[in-house]
Amino acid sequence: MQRYFIGGDIPEDGIATITGDDAHHILKVMRQKAGEELVVVVQGTAFRSEIVEAEMDVSIRLGDRLEGTVELPVDVTIACGLPKGDKLELISQKATELGMYGLIPFAAERSIVRWDDKKSTKKVERLQKIAKEAAEQAHRTQVPVIHNAVSFKGLLAEMADYDAVVIAYEEEARSERRMRFAETVKSLYNKGSILLVFGPEGGLSEQEATALSAAGALFTSLGPRILRTETAPLYALAAISYEFE
3 MQRYFIGGDI
13 PEDGIATITG
23 DDAHHILKVM
33 RQKAGEELVV
43 VVQGTAFRSE
53 IVEAEMDVSI
63 RLGDRLEGTV
73 ELPVDVTIAC
83 GLPKGDKLEL
93 ISQKATELGM
103 YGLIPFAAER
113 SIVRWDDKKS
123 TKKVERLQKI
133 AKEAAEQAHR
143 TQVPVIHNAV
153 SFKGLLAEMA
163 DYDAVVIAYE
173 EEARSERRMR
183 FAETVKSLYN
193 KGSILLVFGP
203 EGGLSEQEAT
213 ALSAAGALFT
223 SLGPRILRTE
233 TAPLYALAAI
243 SYEFE
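Here the working numbering is used: the first residue of the sequence shown is 3, the next is one more, and so on.
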C-alpha cells in the first residue's frame with residue numbers, strides 16, 4: 003500500500019489533506035479515487051487511511067494506527083565530505099532505506115566540490131525530496147533530515163549534539179592494529195545518537211583527523227579494503243542494522 007508523509011499535528015477530527023506532488027502522484031500515477039486506501043504518516047505514526055475526496059488536492063480520513071517498529075533503535079546521522087557528481091543523491095536514497103536519521107554534507111579540505119548558498123539550497127531541497135521518496139518506499143515512519151552544508155569547523159561544533167562520534171578513517175584500514183568496526187559498534191549500545199563521519203574522495207586530511215580526535219571522536223576501520231566515499235556510509239549502516247536489529 004502506497005505511503006505518504008504529511009506535516010503538522012495529528013488532526014483531532016481525523017481529516018487531513020494531501021497537496022502538491024503527493025496529491026498529483028495519488029491522482030495521476032496511482033489513479034486512486036474516493037473510497038480507496040493508502041497509508042499516511044503523521045508525526046512518526048502511520049495510519050491506514052481512506053480517501054474521502056480526490057480532486058486537485060486529496061482529502062483523507064485517518065484510520066487505525068499501524069503497529070510495528072521500523073526505525074533503527076539508535077539515531078544515526080551521516081556526515082559526508084562533499085563528493086563529486088551525484089554521489090550524495092545515492093547516499094541520501096540508499097542510506098534512508100538503511101535507516102539513516104540525518105545527513106550533514108560538509109566542506110572537507112580535500113573536497114573538490116564547493117557549494118555557495120544558492121547551490122546549497124537547491125542541492126538540499128533535491129536531497130530532501132530523494133530522502134522522502136526513499137522513506138516512503140522503505141515504509142519508514144521518519145524522513146531523514148538533510149542539513150545544510152557546513153564547514154569543517156561547523157562540523158566540529160555540531161559534534162557536541164551527539165552521544166558518540168565515529169570516524170571511518172582509511173589510515174585505520176592500513177594499520178595492523180586497526181579497530182574493527184564490529185568492536186566499535188558493540189561499544190555503542192548505550193548511545194542514543196551517533197554521528198558517523200566520512201571523508202570525500204581523497205579522504206580526511208591528517209589535520210582534520212587530528213582535530214576530530216582532539217574533539218573526542220572514535221576512530222575505526224571498515225575493513226582492510228578502502229571503500230569509495232559513497233560505499234562506506236552504506237557499509238556502516240548495514241553493519242549497525244545487523245548488530246542492533
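Just so it is clear, CB atoms sit at the ideal spot from N, CA and C, and this is done for glycine as well. Here the structure is a predicted model, which means the values were calculated and not measured.
Note on geometry: alpha-carbon atoms of V60 and I28 lie some 8 Å from one another. Measuring C-alpha to C-alpha distances from F108 to each of C82, V126, E127, D88 identifies C82 as the nearest.
L214: member of the alpha helix (DSSP H) spanning 208 to 216, first to last residue. The segment 75 to 91 makes contact with the segment 224 to 234: 3 or more CB pairs, one atom from each, lie closer than 8 Å. If you ignore the 5 residues before and after D165, its C-beta comes within less than 6 Å of the C-beta of K193, G194, S195, all in its own chain and listed in chain order. Under the rule that a run must span 4 or more residues, the alpha helix (DSSP H) segments found entirely inside the segment 73 to 104 read 89 to 99.
Ranked by Cα distance from L239, the options I106, L198, E57 are led by L198. For the pair of segments examined, the segment 4 to 11 was found to touch the segment 38 to 57: the number of CB pairs separated by less than 8 Å reaches three. When secondary structure is reduced to three states using DSSP, V42 falls in the strand class. In the same chain as S51, and ignoring 5 residues on each side of it, the C-beta atoms closer than 7 Å to its own belong to E39, L40, V41, V42, I62, R63, L64, G65, in chain order.
Measuring C-alpha to C-alpha distances from R142 to each of Y237, E69, Y244 identifies E69 as the nearest. The alpha carbon of M161 has as its nearest neighbour, out of K120, T79, E127, the alpha carbon of T79. Judged by beta-carbon spacing, T212 lies beyond the 8 Å limit of V168, meaning their Cβ atoms are not closer than that value. Within its own chain, the residues whose Cβ lies closer than 8 Å to the Cβ of E99, once the five positions on either side in sequence are excluded, are A136, Q139, A140, listed in chain order. Between A97 and the set S189, E210, V147, G22, the nearest pair of CA atoms involves V147.
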